[in-house]
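Sequence positions in the sequence shown follow this note's numbering and run 1398 to 1713.
In this text, a Cβ means the ideal position worked out from N, Cα and C, and glycines have one as well.
Please read these numbers as outputs of a predicted model, since none were measured by experiment.
A short write-up of the structure that comes next.
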Amino acid sequence: MKKILSQTMSIALLAASPLALTACGQSNAQEADRFAKVEIKTEQLADGVAVLFGAGGNIGVSYGPDGTVLIDDQFAPLTPKIQAAIAALGAEPVKYLINTHWHGDHSGGNENFGKTGALIMAHDHVRERMMGTQKSGKGNDPASPTEALPVVTYHDGLKLHLNGDEVQVKHMKHAHTDGDSIIFWKKANVIHMGDTFFNKVTLPFIDIESGGNVAGILAAAETVLTMVDDETKIIPGHGPMANKADLIAYRDMLKSVIGTVETARTESKTLAQIQAMKPAARWDTNKDAFIKGDAFVEAVYKSFENPAHKEHDHKH
Ligand SMILES: [Zn+2]
Ligand SMILES: [Zn+2]
């Protein structure tokens, strides 16, 4: 991963790179220059609901008389541009901020928004990882400043009743990380899947060290498929807007690759032998993808080695 990142840190790659900020180790000047070129693009999805594309995870916005809710906030240097895009919608400054998970391309702006008074909400494990107090695997080191931390945390989820809609926040267990949430606007029929769904730009990135598991990614896709219809607008963590058919294709890809890896494992094939079978080749079509076929197959293979994280599941 480091090799890929050091080769070409183009904006396009940055947009598709979940760990770009934490993994690249570039100088502040280079970083500032890169973010200076980023343009925040807005797409209206429904009355009072929009998506913002920039560099990092896609941002959901809910706005109206009860205040503005932001889903994820990309990287800290982009905060002024994100605030300008929100103002251009005719929305108030951010009152509530929900993080789909802890990665810096989704929570990098937390400190800025926290300082302006936004109430930050996320799954329990997001706060733990941002504080650097999780028992194992990756997290923020050093810990995030207090203003960046989620103030309201939950285990299973919560609902916001505002702007004439019911906004459902649901935790998806051990998927992309161990702290993923999906956010569903019931009336507007829009759902933000965070990084449990990468639409077209790359094969899935499963952060095994943060408690991720391909079984949870598949379970999240299956859960969302029971919640949506053909009209639902699906915001992926990365990539363009999606619909139910796109999510079905993604679910089928997951099942195919998981099935091949599982069978090969029962035949005692090694990871290298399974990678040589190229079980993800059909979907490994973007040569600039952040996660290529071999890396995805490795994550699927390792998911079988870490089938459960029981101490986490039962801790709360
Ligand atoms: Zn991401
Ligand atoms: Zn992520």
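Residue i, enclosing beta strand (DSSP E) - first and last residue
i: Val1548; result: Here Val1548 belongs to no beta strand (DSSP E), and DSSP marks it neither H nor E.
Nonlocal neighbours in the same chain, by C-beta distance under 6 Å from residue i, ignoring five residues either side
i: Ser1512; result: A small correction: the amino acid at residue 1512 is Lys; Ser does not occupy that position in the sequence shown. For Lys1512, where only same-chain residues beyond five positions count, the Cβ hits under 6 Å are Glu1544.
i: Gly1453; result: Gln1471, Phe1472 and Asp1502
i: Ser1504; result: Asn1496
i: Ala1639; result: Asn1596, Ile1631 and Pro1633
i: His1568; result: His1520, Asp1553, Gly1554 and Ser1578
i: Phe1450; result: Lys1438
i: Asp1627; result: Lys1641
Expected contact under 8 Å - CB spacing of residue i and residue j to nearest Å
i: Gly1634; j: Gly1591; result: 5 Å
i: Val1598; j: Ala1686; result: 7 Å
i: Ile1437; j: Ala1482; result: 4 Å
i: Asp1521; j: Tyr1493; result: About 18 Å; that fails the 8 Å criterion.
i: Leu1600; j: Asp1538; result: Going by Cβ atoms, the distance from Leu1600 to Asp1538 rounds to 27 Å, so no, they are not a contact pair.
i: Met1527; j: Ala1515; result: Contact doesn't hold; Cβ gap of about 15 Å is too wide.
i: Tyr1460; j: Glu1489; result: 7 Å
i: Phe1754; j: Pro1474; result: The requested residue 1754 is not part of the displayed model; the chain covers only 1398 to 1713.
i: Val1548; j: Lys1556; result: Their Cβ separation, rounded to whole angstroms, is 17 Å, which puts Val1548 and Lys1556 out of contact at 8 Å.
i: Gly1445; j: Asn1560; result: 5 Å
i: Ile1714; j: Ala1646; result: No information on residue 1714 is available, as it lies outside the stretch 1398 to 1713 that the chain covers here.
Any non-hydrogen atom of ligand 1 closer than 7 Å to residue i Cβ
i: Asp1502; result: yes
i: His1520; result: no
i: Gly1634; result: yes
i: Asp1592; result: yes
i: Gly1371; result: Residue 1371 cannot be examined here, being either before or after the span of the chain that is shown, 1398 to 1713.
Contact test: residue i Cβ vs ligand 2 heavy atom, cutoff 7 Å
i: Asp1575; result: no
i: His1498; result: yes
Cβ neighbours of residue i in the same chain (closer than 7 Å, five flanking residues each side left out)
i: Val1697; result: Val1611, Val1654, Ile1655 and Val1658
i: Leu1418; result: Annotation note: pLDDT 41 at Leu1418 (below 50); position unreliable, coordinate value reported separately. Taken in chain order, the residues that qualify are Phe1472, Gly1501, Asp1502 and Gly1505.
i: Met1650; result: Trp1680
i: Lys1583; result: Asp1562, Glu1563 and Gln1565
Delimiting residues of the alpha helix (DSSP H) encompassing residue i
i: Arg1648; result: Lys1641 to Thr1663
i: Phe1687; result: Note, Phe1687: premise wrong, no alpha helix (DSSP H); not H, not E.
i: Ala1673; result: Leu1668 to Ala1673
Residues near residue i in its chain [Cβ-Cβ closer than 8 Å; skip 5 each side]
i: Glu1695; result: Leu1668 and Gln1672
i: Thr1476; result: Asp1470, Gly1506, Asn1509 and Phe1510
i: Ala1429; result: Pro1474
i: Phe1701; result: Val1658, Glu1659 and Arg1662
Min CB distance residue i to chain C below 8 Å
i: Met1590; result: The question asks about chain C, but that chain is absent: this structure has only one protein chain.
(request) Go through the segment 1491 to 1566 residue by residue and report every complete run of the alpha helix (DSSP H) that reaches 4 residues or more, in order. (result) Runs found: 1501 to 1504, 1507 to 1512 and 1521 to 1528.
(message) So within the segment 1580 to 1635, which uninterrupted alpha helix (DSSP H) runs reach at least 4 residues, ignoring any that extend past its ends?
(response) 1611 to 1624
(request) Only counting runs of 4 or more residues, tell me where the alpha helix (DSSP H) segments fall wholly within the segment 1430 to 1491, in order along the chain. (result) Correct list: 1476 to 1485.
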